[in-house]
Ligand code: GUN
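Numbering (my numbering), first residue to last: 192 to 473.
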């Protein structure tokens, strides 16, 4: 049996219709468009593509984008100064600083400078902490997108075994918290986990975010599982997930493709957070 594909592009365009409507309603009510600022420092080619995609997505949903491009040589202080200017700009509702930052820049200090009320990436300690405590917050985008993808399958999350492979601050940790909030029993695995396969074979819901091409093979997946592949590994001009798709699809009931699964949802949740930040500020 072959798994059903979880179509991130399709789900994304459905959610973006709602965002477009909400952005227009805001504009009609307050007389200006919702604004998102994007700061890109340096020349990382993947970051340039991500930022471009975010700006196009803003245009398509009626959100005004404010773009700031800084050289590779930018200092921590210069970046913080720009962040503070954007924090104070009343036409800007959301701010994201594209990561990674150039070598030598203090990433933690820059992210800390972002106003939590405009932190549409959900990376600030205040938002991360509020997510952990179950308080209202701007939550990280990729994890929020993953939850929407899982929910779109109709599979119940409560009481299920969910296994997250990867413990980054951007994906692994926050998605584990979100799954826990939905009453899954959550296991977080990582590079130091002994007998990873023992854990993944117990997973009714498996989220993989390790950044290693085809790290999870089909024989590590429980039959009938929901598999969410967060990987974006470029190799010989192609994009590969963290899951070996061909063997995994023979075991899973639902699986996200790469590309076309998690990726489109991340940007959509960024737009959704921007609308949320704009309305919360009123
Ligand atoms: N770099 C890789 N993923 C992300 C993301 O979601 N947001 C930002 N700001 N930078 C990233």
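Note that CB positions come from ideal geometry on N, CA and C, so glycine has one too.
Quick caveat, the model's predicted, so the values are computed rather than measured.
- Message: Here's the rule I'm using: 16 or more other beta-carbon atoms within 10 Å means buried, otherwise exposed. How should residue 260 be labelled?
- Response: exposed
- Message: Is residue 361 close to the ligand GUN? I mean its beta-carbon at under 7 Å from any heavy atom of the ligand.
- Response: Yes - the ligand GUN has a heavy atom lying nearer than 7 Å to the Cβ of residue 361.
- Drop a sphere of 10 angstroms on the beta-carbon of residue 326, count the other beta-carbons inside from all chains shown, and report buried for 16 or more, exposed for fewer. exposed
- With 16 other CB atoms within 10 Å as the buried threshold, where does residue 318 fall? buried
- Message: Would residue 406 and residue 194 be called neighbours here (beta carbons separated by less than 8 Å)?
- Response: no
- Item | Rounded separation between residue 359 and residue 374 - CA only | Cα to Cα, residue 359 sits roughly 21 Å from residue 374.
- Item | Check whether residue 400 and residue 432 have beta carbons under 8 Å apart | In this structure, residue 432 does not lie closer than 8 Å to residue 400 by Cβ.
- Message: Rounding to the nearest angstrom, what Cα-Cα distance links residue 329 and residue 302 in this structure?
- Response: 14 Å
- Task: Specify, as a first and last residue, the run of the beta strand (DSSP E) that residue 378 falls within.
- Result: 376–380
- Message: Does the distance between the C-beta of residue 287 and the nearest non-hydrogen atom of the ligand GUN fall short of 7 Å?
- Response: yes
- Query: For the candidate residues 354, 372, 368 and 413, whose alpha-carbon lies nearest to that of residue 384?
  - Reply: 354
- Three-state secondary structure (DSSP) of residue 246: Note: residue 246 maps to helix in three-state DSSP.
- Message: Given a cut-off of 8 Å on the beta-carbon distance, is the pair residue 304 and residue 265 in contact?
- Response: No, these two residues do not count as a Cβ contact at 8 Å.
- Of the listed residues 272, 198 and 263, nearest to residue 536 (C-alpha basis): The question about residue 536 has no answer here: the residues shown for the chain are numbered 192 through 473.
- Task: Leaving aside the five residues before and after residue 426 along the sequence, list all residues of the same chain whose C-beta is less than 7 Å from its C-beta, in chain order.
- Result: 404
- Task: Ignore the nearest five residues each way along the sequence and tell me which others in residue 340's own chain have a CB closer than 8 Å to its CB.
- Result: When the five nearest sequence neighbours on each side are left out, the beta carbons in the same chain lying within less than 8 Å of the beta carbon of residue 340 are those of 197, 199, 202, 419, 447, 452, 453 and 456, in order along the chain.
- Task: Take every Cβ of the segment 308–315, pair it with every Cβ of the segment 238–258, and state whether three or more of those distances are shorter than 8 Å.
- Result: no
- Query: Nearest chain C C-beta to residue 403 closer than 8 Å, yes or no?
  - Reply: The question asks about chain C, but that chain is absent: this structure has only one protein chain.
- Message: Can you tell me whether residue 289 is buried or exposed? The criterion is at least 16 other CB atoms within 10 Å of its CB, across all chains shown.
- Response: With 16 or more other Cβ atoms within 10 Å, it is buried.
- Looking at residue 380 and the ligand GUN, is the gap between the Cβ and the nearest heavy atom below 7 Å? no
- Hey, out of 235, 389, 226 and 248, whose CA is closest to residue 291's CA? Nearest of 235, 389, 226 and 248 to residue 291, Cα basis: 235.
- Message: Out of 333, 331, 370 and 323, which one is the CA nearest neighbour of residue 346?
- Response: 370
- Candidates 366, 389, 388 and 350: closest to residue 376 by CA position: 350
- Message: Judging by CA-CA distance, which residue of 310, 295 and 251 is the nearest neighbour of residue 278?
- Response: 310
- Message: Can you look up residue 255 in the DSSP assignment and give me helix, strand or coil?
- Response: strand
- Message: Let's test the definition: count the other Cβ atoms within 10 Å of the Cβ of residue 394 and tell me whether it reaches 16, buried, or not, exposed.
- Response: buried
- Query: Under a three-way DSSP split, which group does residue 429 fall into?
  - Reply: strand
- Distance, Cα to Cα, residue 367 vs residue 459? 20 Å
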